[in-house]
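Just so you know, the sequences run in chain order H, C and E. Residue numbers 1 to 322, in this note's numbering, belong to the letters of the first sequence in order. Residue numbers 1001 to 1148, in this note's numbering, belong to the letters of the second sequence in order. Residue numbers 2001 to 2224, in this note's numbering, belong to the letters of the third sequence in order. Backbone N, C-alpha and C define an ideal beta-carbon position, used for all residues, glycine too. In this text the structure is predicted, and so the values were computed from the model without any measurement.
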Amino acid sequence: MKSLFLFANGRVSALEKDLLPPRMWQMLLSARDVEEAGRLLADTWYGRFLQGGNFENCFEQAAQAIEQELMELSEDPALVRGILHRRDVRNARYIWKAALSGHPSPVETERPGLIPLDVLRSALTDSEPAPELPALMSRSLEEIRSLQELSPAAIDSVMDRLAAAMEMEELPGMYPGFASFLAARMDILNFGIAARCRLAGMDRTASEQLLLEGGTRKPAEIAQAASSGALPALISDTVELESLGSVLRDAIAEKSFLEYSRESERILLGMLDTGAFAVFGPAPLAAFVIKKEYEISHLRILLAAKAARLERSRLLRRLPRG
Amino acid sequence: MNELIAYSGVVLAAALSGIGSAIGVGLVGRAAAGVLSVDPKKFGKLLLLVALPGTQGIYGFVIAFLLLGRIQGADMAADPSFVWKAFLAGCPVAFTGLLSAIHQAKVGVSGVALAAKQPADAAKGLILAVFVEFYAILGFLVSFLMLP
Amino acid sequence: MAIQARATRMELLHLRKRAALARRGHKLLKDKLDELMRQFKILLSEYLGARQSLEAKLETAYREFIFARASMREESLSDALRYPGAVATVTTSTRRVMNLTLPVFDIAMTGSYINYGMFDTTPELDRSLEVYSEVLPEVVRLAGQEKAIGILAGEIDRTRRRVNALEYILIPELVEAVAAIRLKLDEMERGNLTRLMKVKKMTEQRREAADAVLKAAAGRPSTG
Chain H
1 MKSLFLFANG RVSALEKDLL PPRMWQMLLS ARDVEEAGRL LADTWYGRFL
51 QGGNFENCFE QAAQAIEQEL MELSEDPALV RGILHRRDVR NARYIWKAAL
101 SGHPSPVETE RPGLIPLDVL RSALTDSEPA PELPALMSRS LEEIRSLQEL
151 SPAAIDSVMD RLAAAMEMEE LPGMYPGFAS FLAARMDILN FGIAARCRLA
201 GMDRTASEQL LLEGGTRKPA EIAQAASSGA LPALISDTVE LESLGSVLRD
251 AIAEKSFLEY SRESERILLG MLDTGAFAVF GPAPLAAFVI KKEYEISHLR
301 ILLAAKAARL ERSRLLRRLP RG
Chain C
1001 MNELIAYSGV VLAAALSGIG SAIGVGLVGR AAAGVLSVDP KKFGKLLLLV
1051 ALPGTQGIYG FVIAFLLLGR IQGADMAADP SFVWKAFLAG CPVAFTGLLS
1101 AIHQAKVGVS GVALAAKQPA DAAKGLILAV FVEFYAILGF LVSFLMLP
Chain E
2001 MAIQARATRM ELLHLRKRAA LARRGHKLLK DKLDELMRQF KILLSEYLGA
2051 RQSLEAKLET AYREFIFARA SMREESLSDA LRYPGAVATV TTSTRRVMNL
2101 TLPVFDIAMT GSYINYGMFD TTPELDRSLE VYSEVLPEVV RLAGQEKAIG
2151 ILAGEIDRTR RRVNALEYIL IPELVEAVAA IRLKLDEMER GNLTRLMKVK
2201 KMTEQRREAA DAVLKAAAGR PSTG
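Listed below in structure tokens is the structure:
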């Protein structure tokens, strides 16, 4: 029988109770300062990781715990690869960029995903591609090696494309819901990139190079719309993202993408909630892991804003909660 | 030789519904184990959902048992159609048992997820699963009435 | 009284000359002080205005940056910022105000401040870097202004001290010394006068006495 993720989904549906409920978000948003928010957080699932008020450490451990669940519960290694290789790509970017730009000291890296850091480091000097390195990554490394001009920006561009390709490689084929979620996320990213390029005054060819494959809209299409100022029109014509048209228009006009991030994350969280209703297949587990990722990211934003004494209204412009 | 046809009715009734129940209980059992791994207090609520797809196997077993008694006590030479009647009597419970157990298990898995996410609605998941049970009971009844 | 001087007419003339010089110097320094104060006020109001607008801009940038930092992984952020794409060159020159040399800084930027991948970075990072790169020339100019204000303030302080020293110490002392010498000279003159009068009186008395003797001798018959 195809992997039904029965045990996983049973466990996940019980674990989902640990996601912070809207009421908790309300309380966190109304917290007067970061200490109060920390006290509130200590009573939640995060409390077990919270020692001495070190939030960074707490979130790191929480993310680690979630990944542990993922690896133990997933019946399909492709799901684990799809989620954990994202961090490997980021680590590869840090290491390769530093080594190739002649940065002297060792750079900070994240916890390795599935590929040990040493493999990433030695991949640069090895002539034979390491067996641990996924095909896409070794191909990107080849591409970097063959670059005419070895600038950080050029490496970044290759690594961006690699990151997008790795996400789109296996996951969309696993489950139809993944395909639509990832495509929507890629579209959101691409529209954001196009708008950012426009605000930074880049021309059409430069921005088209930065746009990534994998969304429902092709890079050429988006670049065309960006150069003619029709980005909002195009996004409101894209599946799932219809409501983002006016938000993107305001974002470009006000040069502030807070609402754009908030609304797009709201859409993505909505899609994840739908995905969690299934009881067979990888969707609930994947949705749970990604929901936790968003939750941690939102908590980091909330705590940073509370620490900087940012007013609640401004925080609400960014957080799709409460 | 003819007896074998009659006996295969017994085999079908016991085996197919048994297979269905085994698969069904297995499916719901795994999902329930997932929930219990986080929240062992839910055992009482999930027990019925796990047990429900098991009933089909019991129906099949009962029909097989009764059918066996009839076959052994029958005079096959007097009634040439007896073997076929016996065979066909085993069929309804066999097939409804097989399919309804699997589908009931799927409903049951959803019910397990429901019970985990919204404990207040646990009973509703059970009721939905019981609806599937209804058709297994119909199959059982038809088989029972068809007993030669 | 600090100035010790011999009470002579020479000294008096000398001190008078010094007092006149001090007064002229005092007036000049006072004018300089006024001009310095005027320059200072202009510079200060410029500086305060620029500083206020800069602080407002920095605050917006900082508020964006909070979101950029919180929604990105720390490693990602340092990776994005490790390789700057823009090069800023600071040029220095000077300008003169009165006797002072004040520094002037200017900055020229080339290249794009966006020099990172778009996949893991957030739009807020672009925005805060944009504001930071916009305010960088202002910050550098402000640094020059701040230094100029410091130099000017030092000069004002020094000039004021001189003006005060002249006004409240040197000039009064000179005036006092002149007056004292004058008094002493007058006193001496008066002393001389009385002495002369006394001498005159004494000579007159002596002459009268001699006359009386002569008169007596003439009244008696001569024995010779």
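- Between Val34/H and Ala307/H, the alpha-carbon positions lie close to 5 Å from each other.
- With contacts defined by Cβ atoms closer than 9 Å, Ile296/H and Ala42/H do not form a contacting pair.
- Under the Cβ criterion of 9 Å, Val1109/C is counted among the residues facing chain H.
- Short of 7 Å from the beta carbon of Ala305/H, and not among the five residues preceding or following it, lie these beta carbons of its own chain, in chain order: Leu315.
- For secondary structure counted as the alpha helix (DSSP H) over 4 or more consecutive residues, the stretch 2030 to 2116 of chain E holds these complete runs in sequence order: 2074 to 2082.
- For Ser207/H, the three-state secondary structure derived from DSSP is helix.
- At a Cβ-Cβ threshold of 9 Å, Ala1116/C and Ala14/H count as neighbours.
- Contact note: Glu2075/E reaches chain H through Arg90, Asn91, Tyr94, Val107, Glu108, Thr109, Glu110, using a C-beta cutoff of 9 Å and chain order.
- Three or more pairs of CB atoms, one per stretch, sit closer than 8 Å, so the stretch 2108 to 2118 of chain E contacts the stretch 2071 to 2090 of chain E.
- Comparing alpha-carbon positions, the option among Leu1049/C, Phe1131/C, Ser1081/C, Leu1012/C lying closest to Phe1061/C turns out to be Leu1012/C.
- Contact note: Glu2124/E reaches chain H through Ser256, Phe257, Leu258, Ser261, Arg318, using a C-beta cutoff of 9 Å and chain order.
- One alpha carbon belongs to Lys2147/E, the other to Leu124/H, and they sit about 49 Å apart.
- With contacts defined by Cβ atoms closer than 9 Å, Pro320/H and Glu265/H form a contacting pair.
- Between Ala164/H and Glu221/H, the gap from beta carbon to beta carbon reaches 9 Å or more.
- Each of Gly1020/C, Leu1016/C, Ala1014/C, Asp1039/C was checked against the Cα of Pro1119/C, and the nearest Cα belongs to Asp1039/C.
- Arg48/H counts as exposed, since fewer than 16 other beta carbons sit within 10 angstroms of its beta carbon.
- In this structure, Leu2036/E sits near Ile2156/E, with a CB-CB distance shorter than 9 Å.
- Per the Cβ contact rule, the stretch 1139 to 1146 of chain C is in contact with the stretch 1081 to 1098 of chain C (3 or more Cβ pairs under 8 Å).
- Take the alpha-carbon of Gly1034/C and the one of Pro2123/E: they are about 40 Å apart.
- For Ala2070/E, the nearest beta carbon of chain H is closer than 9 Å to its own beta carbon.
- The C-beta distance from Ile301/H to Ala2070/E rounds to 4 Å, short enough to meet the 8 Å contact threshold.
- In this chain, the alpha helix (DSSP H) harbouring Ile83/H covers 77 to 100.
- When 7 Å is used as the limit between beta carbons, Val289/H is near no residue of chain C, the shortest such separation being about 15 Å.
- Ala2143/E: member of the alpha helix (DSSP H) spanning 2123 to 2164, first to last residue.
- By the rule that beta-carbons nearer than 9 Å mark a contact, Ala164/H touches chain E.
- Between Asp1039/C and chain H, the shortest Cβ-Cβ separation is below 9 Å.
- Residues of chain H with a Cβ closer than 9 Å to the Cβ of Gly2085/E are, in chain order, Ser151, Pro152, Ala153.
- Taking the Cα of Ala1031/C as reference, the smallest distance to any Cα among Val1130/C, Leu1016/C, Leu1047/C is reached at Leu1047/C.
- Between Arg2182/E and Leu2012/E, the beta carbon gap of about 7 Å places them in contact (Cβ cut-off 8 Å).
- Listed along chain H are Glu108, each with a C-beta nearer than 7 Å to that of Ser2078/E.
- For Arg2207/E, the enclosing alpha helix (DSSP H) starts and ends at 2171 to 2219.
- Interface criterion not met: the Cβ of Leu210/H is under 9 Å from no Cβ in chain C.
- Comparing alpha carbon positions, the residue from Gly2111/E, Ala2056/E, Leu2142/E closest to Ser2045/E is Leu2142/E.
- Less than 9 Å separates the beta-carbon of Ala1006/C from that of Phe1082/C.
- For Met166/H, the enclosing alpha helix (DSSP H) begins and ends at 152 to 169.
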